[in-house]
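One point on numbering: in full-length UniProt numbering, the residue at position 494 of the sequence shown is 494, and numbering is uninterrupted. By construction, the Cβ of each residue, glycine as well, lies at the ideal position given by its N, Cα and C atoms. Here the structure is a predicted model, which is why all the values come from computation and not from measurement. All remarks here apply to the structure that follows.
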Amino acid sequence: MIKPIRKDFRELTSNPNPPPAEASCPASAFRPLRSHILAALLMLVSGIAWPAFAAPAQQLAVTPPMGWNDWAHYQCNFTSQTILDNAKALIKSGLAAQGYNTVTIDDCWMQKDRDANGDLQPDLMRFPHGVKPVAQAVHALGLKFGIYEDAGYETCGGFAGSGDPNGGGKDHFLQDARLFASWGVDYLKLDGCNVYAPKGTSSEAAYRKAYAAQNAALKQVGRPIVFSESAPAYFQDSPDWYDVLTWVRYYGQLWREGTDIETFDVKKPDAERFDSVLWNYAYNLPLGRFQKPGNWNDADFIIGGDSGITLAETRSQVALWSMMSAPLILSSDLDKLSPQSVAILGNKQIIAVDQDPLGRMATLVKRSSVTDVLFKPLKGGDYAVAVLNRAGKSLQVDLHPSDFGFAASAACKIDAQDLWSGKHQSTLSAAIAPHDTAIWRIHPSTPCGRPNRKGTITMIVNGKNHDIPTYSRCLSSSGQVHSCQGTPEEIWTVTKGGSLESSGKCLAVQNGKPVMQACNSNSTQHWNYNLLGNVISSDHKCLTGSTLNNNSQGVSIAACGHNQPDQIWSLPN
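Below, the structure written as structure tokens:
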């Protein structure tokens with residue numbers, strides 16, 4: 001029997017001695033990554049505690065970054081004046097005062113070729129006086145300044161990148177970092193197009209070498225620069241995705257994990273963009289185990305308030321991103337935001353949920369064909385609850401404290417503040433408009449006790465399907481993995497002792513097979529959870545589902561594989 005270790009469930013299993021981030025490391029130094037990760041992840045923590053982070057990157061972003069970036073609205077159609085106009089709009093609208101304080105230039109600001117000294121050259125059509133005066137003007141407004149580069153030999157737009165030249169050669173990470181520091185850059189977004197991988201080096205190893213080199217370079221320039229990494233986004237449909245997600249925290253403060261949010265199209269200004277919001281939310285939500293203060297999963301830009309997004313959909317994006325403690329980086333024409341949109345984006349109470357010092361991502365408590373119910377602990381004993389209505393019609397929701405793991409007692413009372421209206425109520429009931437999200441901050445009474453970890457256990461079954469119901473499926477106490485229906489059989493409690501309980505019984509291993517049986521203290525009911533998402537039995541086998549697109553698939557117990565899709569689960573946070 002494994003003795004339970006009672007630890008905070010944010011802890012993650014990890015190697016206490018992360019590999020060094022040396023700018024000069026050869027590609028071969030990164031090739032043993034898989035064995036390194038396997039060794040780290042075999043150190044299991046009993047009681048299904050969250051895997052514990054080891055020596056992450058310097059904490060320059062202790063709460064999720066906030067600000068504005070030009071890309072999702074302008075793409076390459078901008079000038080220095082565009083940047084300054086939006087910086088001023090942050091001040092004028094009051095959004096800067098609410099925390100949106102970093103103005104970042106994305107791709108296309110530079111020329112395709114470097115100068116005679118090897119330095120990057122601004123596109124003089126866009127920046128006739130260079131980039132430094134723009135940075136100075138942004139700083140003069142009391143804001144921070146960010147810039148874009150790429151880990152490859154060319155940016156995604158075909159401009160000069162910082163990485164190894166195509167075919168091999170010396171990179172420019174340190175040279176560019178020094179240039180950025182001289183300009184007063186506070187934030188660097190490093191994209192991942194066109195990364196060169198020498199023969200015999202895996203793509204994943206080449207990316208790791210590049211991002212480690214950028215990290216090492218930033219440490220040498222004498223200026224704190226927040227580092228946003230795009231590496232995971234280039235592996236979203238690959239088993240290596242999870243390996244990349246395990247190492248990015250060593251190098252940067254936030255990372256993009258998947259598909260870009262849909263950009264504004266000037267030729268189709270009214271094109272609907274909410275499906276893109278839902279998709280980014282869907283792939284970001286199951287990754288809570290990789291996040292902690294100073295290390296943030298970035299679901300991409302806030303496009304709420306821009307064309308193609310209704311006010312209800314704007315509320316949803318802001319609420320969902322805040323429930324996930326995601327960076328809030330606006331990307332729209334700020335001068336054209338309506339007063340209603342500004343009020344939504346600048347909602348102090350919801351921003352406080354996003355910026356909460358605990359930095360936890362919400363648990364998916366329940367998912368039906370049209371709704372998601374989320375629950376998030378906050379510092380000081382409060383909690384946030386949100387309900388997303390994906391349907392095309394209004395829905396009535398009525399929730400109870402016991403739905404979130406509080407005591408099922410009449411003595412358990414809550415004070416729930418509706419964060420859109422500011423009104424307080426004693427119940428979690430609301431009529432939710434189509435594509436809208438209700439969100440409350442709740443304070444439970446003493447008889448409620450501390451909530452159990454309660455919610456769904458999900459598996460990604462179709463990473464290429466941009467549709468929430470078919471992207472991930474729920475584990476049911478019937479022993480099936482199927483489309484989430486929001487039934488009681490899909491709700492699990494993770495006990496302090498490391499058991500998984502649903503419908504009054506516990507998941508166990510009997511004769512090498514998973515079964516539901518009366519809960520007891522037998523080791524066959526004890527499970528461990530690691531950073532790669534494996535649910536591991538006391539005899540070191542993995543809970544295994546199926547990623548086939550059938551309506552329902554059974555689960556089994558099998559030898560643990562490395563990044564095996566049918567063995568990767570998301571548990572309640």
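In the structure shown, what three-state DSSP assignment does leucine 531 receive? coil
Buried versus exposed, by CB contacts within 10 Å (16 or more), alanine 559: exposed
Just to confirm my understanding: we take serine 341, look at its own chain, exclude 5 residues before and 5 after, and list those with CB closer than 8 Å. What are they? Gly304, Gly305, Leu311, Thr314
Between Pro401, Pro451, Gln59, Cys519, which lies nearest to arginine 249 when the distance is taken from Cα to Cα? Gln59
Hey, serine 472 and proline 224: beta-carbon distance below 9 Å or not? no
Are the CB atoms of isoleucine 439 and valine 370 nearer to each other than 9 Å? no
Does glutamate 149 pass the burial test, meaning 16 or more other C-beta atoms within 10 Å, or should it be called exposed? buried
Taking only the alpha-carbon atoms, compute the straight-line gap between glycine 169 and glycine 67 and give it to the nearest angstrom. 35 Å
Secondary structure of methionine 125, DSSP reduced to three states: coil
Give me the Cα-Cα distance between alanine 140 and valine 134, rounded to the nearest whole angstrom. 10 Å
Ordered along the chain, which non-local residues of its own chain (more than five positions away) have a Cβ less than 8 Å from that of serine 426? Lys413, Ile414, Asp415, Ala416
Grab me the residues of glycine 158's own chain with a C-beta within less than 7 Å of its C-beta, minus the 5 sequence neighbours each way, in chain order. Lys112
Would you report the Cα separation of tryptophan 247 and glutamate 257, rounded to the nearest angstrom? 12 Å
Have a look at tryptophan 241 and phenylalanine 235 and give me their C-alpha separation to the nearest angstrom. 5 Å
Inter-residue spacing [alpha-carbon to alpha-carbon] between asparagine 347 and tryptophan 420: 8 Å
Delimiting residues of the beta strand (DSSP E) encompassing glutamate 204: That residue, glutamate 204, is in no beta strand (DSSP E); its alpha helix (DSSP H) goes 203-218.
Using the beta-carbon count (16 or more within 10 Å), is valine 555 buried or exposed? buried
Which residue marks the beginning of the beta strand (DSSP E) containing leucine 398, and which one marks its end? What sits at residue 398 in the sequence shown is aspartate, not leucine. Run containing aspartate 398: 395-399, per the beta strand (DSSP E) assignment.
9 Å Cβ cutoff met for serine 477 and leucine 507: yes
Using only the alpha-carbon positions, how far apart do threonine 155 and arginine 453 sit? 43 Å
Runs of alpha helix (DSSP H) wholly within the UniProt domain "Ricin B lectin" (465-572) (minimum 4 residues, chain order): 468-471
Option in Leu337, Ser409, Thr446, Tyr187 with minimal Cα separation from isoleucine 302: Leu337
So which of Pro357, Lys513, Pro232 has the shortest CA-CA distance to tyrosine 251? Pro232
Report the option in Ser182, Asp191, Gln567 whose CA atom is closest to the CA atom of threonine 458. Gln567
Just list the residues that DSSP pairs proline 327 with in beta bridges. DSSP, once it has assigned bridges, lists no residue as partnering proline 327.
Same chain, Cβ closer than 7 Å to alanine 411, five either side skipped, listed in chain order: Pro447
Simplified DSSP assignment, three categories, for leucine 320: helix
Using the DSSP secondary-structure output, state which residues sit across from glutamine 425 in a beta bridge. Ala416
What's the call for asparagine 501, buried or exposed, on a 16-neighbour Cβ count within 10 Å? Reading off the sequence shown, one finds glutamate at residue 501, where the question assumed asparagine. When all chains shown are included, glutamate 501 counts as buried.
Assuming glutamine 385 contacts valine 397 under a Cβ cut-off of 8 Å, what Cβ separation, rounded to an integer in Å, is found between them? One detail in the question is off: residue 385 reads as valine in this sequence, not glutamine. That belief does not hold up - the Cβ atoms of valine 385 and valine 397 are roughly 10 Å apart, past 8 Å.
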